[in-house]
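Engineer:
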Amino acid sequence: MSKVLHHDDVSRFDDWAPTYDHPLGQFLFERIHRPVVEALLARGGDSSCVVDVGCGTGRLLEKILLRMPGAELIGVDPAAGMLAVARRRFRGTPRIRLELGTAERLPLDDATVDVVTTTLSFHHWDEQQAELEEVVRVLRPGGRLILVDILGIGLVGRILRRVHRHGTGYRDTAEMTRLFRSAGFSSWRSRRLFGPLVPVLLVEARRRAAP
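Our numbering numbers the first residue of the sequence shown as 7 and each following residue consecutively.
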């Protein structure tokens with residue numbers, strides 16, 4: 007088992023897959039996926055190939071497909087149960103490719119992707135530095151990472167950093183800055199998606215352009 011997700015995390019998501027798309031559980035994701043798609047569309051010209059890492063049951067890919075019908079879409083997830091649900095969702099949709107894999111070893115060639123997205127997955131990655139470097143590897147020069155995650159900031163974030171029950175990689179802003187810079191991103195910016203007490207941020211980072 008790859009180190010990107012703890013074995014227990016992968017098993018938990020496999021077990022969760024049949025009920026993961028329950029309407030109550032998806033309320034949060036609806037409020038997260040919308041700004042991700044908006045961020046993609048804001049620079050739609052550089053998004054011909056989009057990869058969703060930790061794609062789960064494919065809900066974000068489904069929304070991207072509706073708004074960007076000409077894009078090549080790839081979903082990667084380490085939980086076979088989640089991918090089974092996604093494959094049923096996209097049966098008969100040849101433009102969406104689904105792969106069992108992790109951020110540690112993305113099943114993609116170098117510099118072939120315009121945008122990588124990942125939502126509420128990053129805090130599960132055990133080797134975040136190495137996995138961000140892997141994201142940089144598959145991005146074309148100037149390509150973007152659009153990441154939504156819970157950061158270890160504020161009271162809620164600090165509590166999550168100590169509890170370690172659902173992922174362990176809750177980073178604060180200084181740690182995120184170091185990770186992005188070391189991985190090979192030239193810039194990054196973030197904004198909150200909810201109120202000040204909920205540390206869920208949307209982060210956009212750009213790979214350094216070719217010299």
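Virtual Cβ for every residue (Gly too), placed ideally from N, Cα, C.
Have a look at Gln134, Ala215 and Arg198 and flag the residue whose alpha-carbon is nearest the alpha-carbon of leucine 145.
Structural biologist: Position 139 of the sequence shown, counted from the first residue, corresponds to residue 145. If we check each option's Cα against that of leucine 145, Ala215 comes out closest.
Engineer: In angstroms with no decimal places, state the Cα-to-Cα distance between histidine 12 and glycine 64.
Structural biologist: Numbered from 1 along the sequence shown, position 6 holds the residue referred to as residue 12. Numbered from 1 along the sequence shown, position 58 holds the residue referred to as residue 64. The predicted model places histidine 12 with a pLDDT of 49, which falls under 50 and marks its position as unreliable, so this point remains unresolved.
Engineer: Take glycine 62 as the anchor and find which of Gly160, Leu104, Val42 and Thr183 has the nearest alpha-carbon.
Structural biologist: The residue you call residue 62 lines up with position 56 of the sequence shown. Nearest option by C-alpha distance: Leu104.
Engineer: How should glutamate 210 be labelled, buried or exposed, when 16 other C-beta atoms within 10 angstroms of its C-beta is the threshold for buried?
Structural biologist: Indexing the sequence shown from 1 puts residue 210 at position 204. Buried, because 16 or more other Cβ atoms sit within 10 Å of the Cβ of glutamate 210.
Engineer: Under DSSP, the alpha helix (DSSP H) around phenylalanine 186 begins and ends at which residues?
Structural biologist: By one-based count along the sequence shown, residue 186 stands at place 180. Start and end: 179-189.
Engineer: Evaluate isoleucine 165 with the Cβ neighbour count: other Cβ atoms within 10 Å of its Cβ, from every protein chain shown; 16 or more gives buried, anything less gives exposed.
Structural biologist: Position 159 of the sequence shown holds residue 165. Under this definition isoleucine 165 is an exposed residue.
Engineer: State the start and end residues of the unbroken alpha helix (DSSP H) segment that holds alanine 211.
Structural biologist: As a first step, residue 211 must be located in the sequence shown, where it is residue number 205. Run containing alanine 211: none in the alpha helix (DSSP H); it sits in the beta strand (DSSP E), 206-213.
Engineer: Which word fits alanine 180, buried or exposed, when buried means at least 16 other C-beta atoms lie within 10 angstroms of its C-beta?
Structural biologist: Here residue 180 is taken as the residue at index 174 of the sequence shown, counted from 1. When all chains shown are included, alanine 180 counts as exposed.
Engineer: Is the beta carbon of aspartate 155 less than 8 angstroms from the beta carbon of leucine 126?
Structural biologist: Stepping through the sequence shown from its first residue, residue 155 is reached at position 149. Stepping through the sequence shown from its first residue, residue 126 is reached at position 120. Taking 8 angstroms as the Cβ cut-off, aspartate 155 and leucine 126 qualify as a contacting pair.
Engineer: Excluding the five sequence neighbours on either side, which residues of its own chain have a C-beta within less than 8 angstroms of the C-beta of aspartate 20, listed in chain order?
Structural biologist: What you label residue 20 is simply residue 14 of the sequence shown in a count that begins at 1. Correct list, in chain order: Ala85, Ala86, Gly87 and Met88.
Engineer: Taking the C-alpha atoms as reference points, what is the distance between leucine 90 and phenylalanine 191?
Structural biologist: Taking the first residue of the sequence shown as position 1, residue 90 is located at position 84. Taking the first residue of the sequence shown as position 1, residue 191 is located at position 185. The sequence shown places alanine at residue 90, not leucine. Between alanine 90 and phenylalanine 191, the C-alpha separation is close to 33 angstroms.
Engineer: Run through the DSSP bridge pairs and tell me what valine 119 is partnered with.
Structural biologist: Residue mapping note: residue 119 aligns to position 113 of the sequence shown, counting from 1. DSSP, once it has assigned bridges, lists Leu145 as partnering valine 119.
Engineer: Quick one: residues in its chain with C-beta nearer than 6 angstroms to the C-beta of leucine 151, no 5 flanking neighbours on either side, listed in chain order?
Structural biologist: Walking along the sequence shown from the start, residue 151 turns up at place 145. Excluding sequence neighbours, leucine 151 sits near Val122, Val141 and Ala211.
Engineer: Take glutamate 139 as the anchor and find which of His130, Leu114 and Leu185 has the nearest alpha-carbon.
Structural biologist: Counted from its first residue, the sequence shown places residue 139 at position 133. Of the candidates His130, Leu114 and Leu185, the one whose C-alpha sits nearest the C-alpha of glutamate 139 is Leu185.
Engineer: Out of curiosity, what's the CA-to-CA distance linking leucine 203 and glycine 98?
Structural biologist: Indexing the sequence shown from 1 puts residue 203 at position 197. Indexing the sequence shown from 1 puts residue 98 at position 92. C-alpha separation (whole angstroms): 42 angstroms.
Engineer: Alpha carbon to alpha carbon, how far is glycine 81 from glycine 60?
Structural biologist: Start at 1 with the first residue of the sequence shown, and residue 81 comes out as number 75. Start at 1 with the first residue of the sequence shown, and residue 60 comes out as number 54. About 7 angstroms.
Engineer: Alpha carbon to alpha carbon, how far is alanine 189 from arginine 143?
Structural biologist: Position 183 of the sequence shown, counted from the first residue, corresponds to residue 189. Position 137 of the sequence shown, counted from the first residue, corresponds to residue 143. Using only the alpha carbons, I get a separation of about 9 angstroms.
Engineer: Let me know the secondary structure DSSP gives proline 24 once reduced to three states.
Structural biologist: Stepping through the sequence shown from its first residue, residue 24 is reached at position 18. Three-state DSSP puts proline 24 in a helix.
Engineer: I think alanine 117 touches proline 75, with their Cβ atoms under 8 angstroms apart; what is that distance to the nearest whole Å?
Structural biologist: Position 111 of the sequence shown, counting from 1, holds the residue named residue 117. Position 69 of the sequence shown, counting from 1, holds the residue named residue 75. Actually they do not touch by this definition, with Cβ atoms about 24 angstroms apart.
Engineer: Bridge partners of isoleucine 159, per DSSP?
Structural biologist: Reading the sequence shown from its first residue, position 153 is the one you call residue 159. Partner(s): none; isoleucine 159 has no beta bridge.
Engineer: Buried or exposed: which applies to aspartate 120, given that a residue is buried once 16 or more other Cβ atoms fall within 10 Å of its Cβ?
Structural biologist: One-based indexing of the sequence shown puts residue 120 at position 114. With 16 or more other Cβ atoms within 10 Å, it is buried.
Engineer: Is arginine 143 close to the ligand ATP? I mean its beta-carbon at under 7 angstroms from any heavy atom of the ligand.
Structural biologist: Absence of the ligand ATP is noted for the structure shown, with no ligands found whatsoever.
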